[in-house]
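Residues in the sequence shown are numbered from 1 upward in steps of one, following the UniProt record's numbering.
Backbone N, C-alpha and C fix where the C-beta goes; we use that ideal spot for every residue, glycine too.
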Amino acid sequence: MSAGSRVNYTSHLLVGVAAAGVILYFAEAFLAPVLLAMVAGVIVTPLNDLWEKLGLPRVLSALVSLFMALAVIGVLVLSLQPVVIRLIDEAPKIARDIDSSLRTMRTAMKDFDDIKNDVAKAVKGEEQPAQESTSPSSNPTGSQDTTSEVVETAAQAAARAAAKAQAEESNPVDDAAKEMPTMTDALLLAPAIVGQVIIFAGTLFFFISSRDEIYGWLLRVMPKRRGGTPMDEVHLKRAEKKVSRYFLTITMINAGLAVATGAMLSAFGLPGALEWAVVIFFANFIVYLGPAIFGISLIFAGIAAFDGIYAILPALCFFGFNLIEGQFITPMLVGREMRINPLIVFLSVTFGLWFWGAIGGIVMIPILVWGLVLFDAQAEPNPAP
1 MSAGSRVNYT SHLLVGVAAA GVILYFAEAF LAPVLLAMVA GVIVTPLNDL WEKLGLPRVL
61 SALVSLFMAL AVIGVLVLSL QPVVIRLIDE APKIARDIDS SLRTMRTAMK DFDDIKNDVA
121 KAVKGEEQPA QESTSPSSNP TGSQDTTSEV VETAAQAAAR AAAKAQAEES NPVDDAAKEM
181 PTMTDALLLA PAIVGQVIIF AGTLFFFISS RDEIYGWLLR VMPKRRGGTP MDEVHLKRAE
241 KKVSRYFLTI TMINAGLAVA TGAMLSAFGL PGALEWAVVI FFANFIVYLG PAIFGISLIF
301 AGIAAFDGIY AILPALCFFG FNLIEGQFIT PMLVGREMRI NPLIVFLSVT FGLWFWGAIG
361 GIVMIPILVW GLVLFDAQAE PNPAP
């Protein structure tokens, strides 16, 4: 390939990537459930292959897999419902507690500076008469007057601080409650949610039932790498099996982490331990960022529920669990061949969250695993004749 051809190829590639990014961003309402359904289809392919081995027709096996996937999603949604309701009910209170703590700290620091300045002014004002005195006996009560004025000034500053804090507490603004979604908002969002569910279900069914045809089309349009192994359907099936195995293993790990976290929080006596366990089960699918946000939330929950060092103990224990899971359990169960560079994982998840929100953060890891497996398979050298 000449230099001019290489430049043209690179420019066309960049323009294509930019155009695809714009389309994906503005068509999120349609493409997000489509991509999520395709990822779910790749994950449930071993189950669909099992139905076909048992003699079920392809369409019937696709329907069974679809109904099972929707049933699992329905159970998860129903299990999340009390968690979401509790979080919505507790959100204004948590926001008030955090805002009150921050406001109290700011007021205390400002009033401490005011008291320091008032005391410094009072002491400085008494230094001039003290220097003009020729004898200590000329004013024997001078030091007592200075001390009394300093104490009086400090008392006045403290009184002003207390009055200011009381005035702020008497007029709280519940911004969090105002920003919470209402029933009207939920009704307005219902058609869009139902539409996305229909798109997800239809895409999942047709992807499972026509998977072989889709793979055949991919093999025809995928570029052939010079010197590499020709891509075939075996490589695609191998990639989907690895993605499915990876996702199922991560699901079991998340379930174990959720059970351990729930038991730990219940032992500490933190309210809503079961709800917290359900939240970390889903949050841990968003690698790195999910556990980090969950741990920070535990810190605030501990501050609202406990005093002293006990306020941060639940978060510290969770970070310990997460460290053991990330450094020992996941590498041992997933296997060394499925390990991915942490920088690539972090950037992929961050990009997915920024691009499509929670759905983007969830689907990026299966897509990354699938793409890397295909790339490694295509990069393998041709076997010697």
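CB of residue i within 8 Å of CB of residue j, strictly
{"i": "Leu298", "j": "Ala201", "result": "no"}
{"i": "Ile365", "j": "Leu36", "result": "no"}
{"i": "Ile280", "j": "Ala258", "result": "yes"}
{"i": "Leu31", "j": "Leu24", "result": "yes"}
{"i": "Gly262", "j": "Trp276", "result": "yes"}
{"i": "Gly302", "j": "Ala315", "result": "yes"}
{"i": "Trp370", "j": "Ala190", "result": "no"}
{"i": "Val278", "j": "Leu102", "result": "no"}
{"i": "Ser253", "j": "Ile329", "result": "Reading the sequence as shown, one finds Ile at residue 253 and not Ser. Going by C-beta atoms, Ile253 is nearer than 8 Å to Ile329."}
{"i": "Ile199", "j": "Pro33", "result": "yes"}
{"i": "Glu368", "j": "Ile340", "result": "One detail in the question is off: residue 368 reads as Leu in this sequence, not Glu. Yes. Within cutoff."}
{"i": "Gly295", "j": "Phe321", "result": "no"}
{"i": "Ala192", "j": "Ala27", "result": "no"}
{"i": "Ser65", "j": "Leu47", "result": "yes"}
{"i": "Met38", "j": "Thr203", "result": "yes"}
{"i": "Ala305", "j": "Leu270", "result": "yes"}
{"i": "Phe285", "j": "Ile362", "result": "yes"}
{"i": "Leu353", "j": "Leu289", "result": "yes"}
{"i": "Arg96", "j": "Gly272", "result": "no"}
For residue i, the three-state DSSP class (helix, strand or coil)
{"i": "Pro291", "result": "helix"}
{"i": "Gly55", "result": "coil"}
{"i": "residue 402", "result": "Absent from the structure is residue 402, since the part of the chain shown begins at 1 and ends at 385."}
{"i": "Val119", "result": "helix"}
{"i": "Phe351", "result": "helix"}
{"i": "Val151", "result": "Here Val151 scores only 49 on pLDDT, less than 50, and its place in the model is too uncertain to base an answer on."}
{"i": "Gly16", "result": "helix"}
{"i": "Gly21", "result": "helix"}
{"i": "Ala177", "result": "Legend: pLDDT at Ala177 = 49, less than 50; position of this residue unreliable, value from coordinates given subsequently. Ala177: helix per DSSP, three-state reduction."}
{"i": "Ile280", "result": "helix"}
{"i": "Asn341", "result": "coil"}
{"i": "Ser135", "result": "In this prediction, Ser135 has a pLDDT of 49, which is less than 50 and means its spatial position is unreliable; what the coordinates show is noted afterwards. Ser135 falls in the coil class under three-state DSSP."}
{"i": "Leu248", "result": "helix"}
{"i": "Leu270", "result": "coil"}
{"i": "Gly357", "result": "coil"}
{"i": "Asp49", "result": "helix"}
{"i": "Phe306", "result": "coil"}
{"i": "Ile367", "result": "helix"}
{"i": "Ile85", "result": "helix"}
{"i": "Phe285", "result": "coil"}
{"i": "Leu298", "result": "helix"}
{"i": "Glu380", "result": "A caution first: Glu380 carries a pLDDT of 49, below 50, which makes its placement in the model unreliable, though a value can still be read off. If DSSP states are grouped into helix, strand and coil, Glu380 belongs with coil."}
Limits of the unbroken alpha helix (DSSP H) element including residue i
{"i": "Leu212", "result": "Strictly speaking, residue 212 in this sequence is Asp, with Leu absent from that position. That run of the alpha helix (DSSP H) goes 211–221."}
{"i": "Asn322", "result": "313–324"}
{"i": "Val39", "result": "28–43"}
{"i": "Pro331", "result": "330–334"}
Residue i at chain C interface by Cβ criterion, 8 Å
{"i": "Phe294", "result": "Any reference to chain C falls outside this structure, which holds one protein chain only."}
- Three or more C-beta pairs below 8 Å linking the region 41–54 and the region 236–244: The region 41–54 vs the region 236–244: in contact.
- Three-pair Cβ contact test at 8 Å for the region 346–355 versus the region 326–336: Too few Cβ pairs lie closer than 8 Å, so no.
- Should the region 107–121 be called in touch with the region 295–311, which here means at least 3 C-beta pairs below 8 Å? By the C-beta criterion, the region 107–121 is judged not to be in contact with the region 295–311, since fewer than 3 inter-stretch pairs fall below 8 Å.
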